[in-house]
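Reading through the structure tokens given below for one structure.
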Amino acid sequence: MRLEGIHHITAVTGDAPTNVDFYVRVLGLRMVKKTVNQDDPGVYHLFYADERGSAGSDLTFFEYPGARCGRPGAGMVHRIAWRVGSEEALAFWAERLAAEGVATERDKHGLCFADPEGLDLELLVSEHPDQPLVAEAPDIPAELALQGFAGVRAYASNPGASAPLLEDALGFHPDGEAAWERRGSERGSFYVYDTPPPERGTPGAGTVHHVAWASPMDELESWRERALAAGAQATPVIDRFYFRSVYFREPSGVLFELATRDVGFDVDEPLESLGQALMLPLQHEPRRAQLERALTAIINPRAPA
Ligand code: ZN
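The opening residue of the sequence shown carries number 2 in the numbering used here; numbering runs sequentially from there.
See below:
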């Protein structure tokens with residue numbers, strides 16, 4: 002049994018129009034699903050990914066319109082890292098982001114910047130041969146595009162407390178101090194802890210809600226049992242329609258999800274037009290007119306005019 006690195010990452014936005022513009026037009030990801038939070042259908046759930054909506058490339062946002070910006074603290078993911086293919090890609094992104102007025106910082110590892118609500122992002126040149134998960138943006142050459150997640154960095158004051166769950170139950174491989182890698186047969190991602198700031202974290206816009214790790218469908222229950230045996234308070238398997246999920250907090254406080262890779266975003270709309278129409282979970286379909294009126298109007302830069 003192997004988890005195939007990160008499946009998706011879910012964060013919070015207070016401003017869906019700006020969020021869509023940044024992730025689709027500026028970063029060149031494809032909006033692969035426009036739906037609502039299953040548990041709170043008045044709230045958007047927007048998914049950005051590669052061209053096919055592949056696990057490993059999928060960043061999702063709940064929109065709470067007007068939500069104040071939060072601040073990551075202990076027990077929260079504070080940075081999302083994507084792979085890019087080359088040093089030339091880092092140079093391309095430094096220039097492209099500067100032209101958008103986005104401040105960037107180049108360090109020895111990669112290029113750091115933040116989204117419009119302060120969510121820290123980083124581009125790293127990949128050392129692994131994982132298949133690039135790339136979206137087709139009209140003004141971004143494929144070889145320079147984002148290629149899927151490299152990993153996430155979280156804050157933890159006592160990273161060692163998480164080691165038994167990460168290593169013994171979930172098979173994360175130690176890769177330095179407070180650093181792990183979860184590599185499957187096709188893909189892998191890093192999971193690293195940094196020393197938290199003294200202030201408590203506050204959830205809100207621009208903060209990560211949870212990180213999901215990719216499981217084959219037929220292994221999900223076994224992974225859940227392993228998490229339970231390691232002391233995690235894992236939920237039952239929940240049907241999220243596009244995948245099945247189990248949630249639990251790891252000992253440092255980060256909300257983990259294990260999600261299956263087997264269904265896909267083209268189960269309820271054609272691959273060619275992913276993300277253009279509002280897709281509703283069946284139980285919320287009777288309220289479509291009311292929900293459509295209440296949700297923020299957004300323009301998908303990639304939708305046909
Ligand atoms: Zn999730």
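We put the CB at the ideal spot given by N, CA and C, even for glycine.
- For residue 213, the CB falls within less than 7 angstroms of some heavy atom of ligand 1.
- In this structure, residue 282 sits near residue 242, with a CB-CB distance shorter than 8 angstroms.
- With a cutoff of 8 angstroms on beta-carbon distance, residue 247 and residue 238 are scored as near each other.
- In the structure shown, residue 25 adopts helical secondary structure according to DSSP, grouped into three states.
- Put simply, the stretch 41 to 56 touches the stretch 131 to 141. At least three CB pairs are less than 8 angstroms apart.
- DSSP places residue 266 in the helix class (H, G or I) of the three-state scheme.
- By DSSP's assignment, residue 112 forms a beta bridge with 107 and 124.
- Less than 8 angstroms divides the Cβ of residue 189 from the Cβ of residue 6.
- Here the alpha carbons of residue 154 and residue 72 stand approximately 14 angstroms from one another.
- Distances from the CB of residue 155 to the heavy atoms of ligand 1 are all 7 angstroms or more.
- With a beta-carbon spacing of about 10 angstroms, residue 20 and residue 60 fall beyond the 8 angstroms limit used to define contacts.
- Residue 289: member of the alpha helix (DSSP H) spanning 289 to 295, first to last residue.
- Of the candidates 86, 42, 232 and 208, the residue whose Cα lies closest to the Cα of residue 80 is 208.
- Spatial neighbours of residue 131 in its own chain (CB-CB distance under 6 angstroms, excluding positions within 5 residues in sequence) are listed in chain order as 188.
- Shown here for residue 146: same chain residues with a beta carbon closer than 6 angstroms to its own, the five before and five after excluded, namely 29 and 135 in chain order.
- Checking the 7 angstroms criterion, the Cβ of residue 50 is out of range of every heavy atom belonging to ligand 1.
- Leaving aside the five residues that flank residue 158 on each side, the residues in its chain whose CB is nearer than 7 angstroms to its CB run, in chain order, 75 and 197.
- Counting only runs of at least 4 residues, the stretch 128 to 173 fully encloses no alpha helix (DSSP H) element at all.
- Taking 7 angstroms as the cut-off, one finds no heavy atom of ligand 1 near enough to the beta carbon of residue 170.
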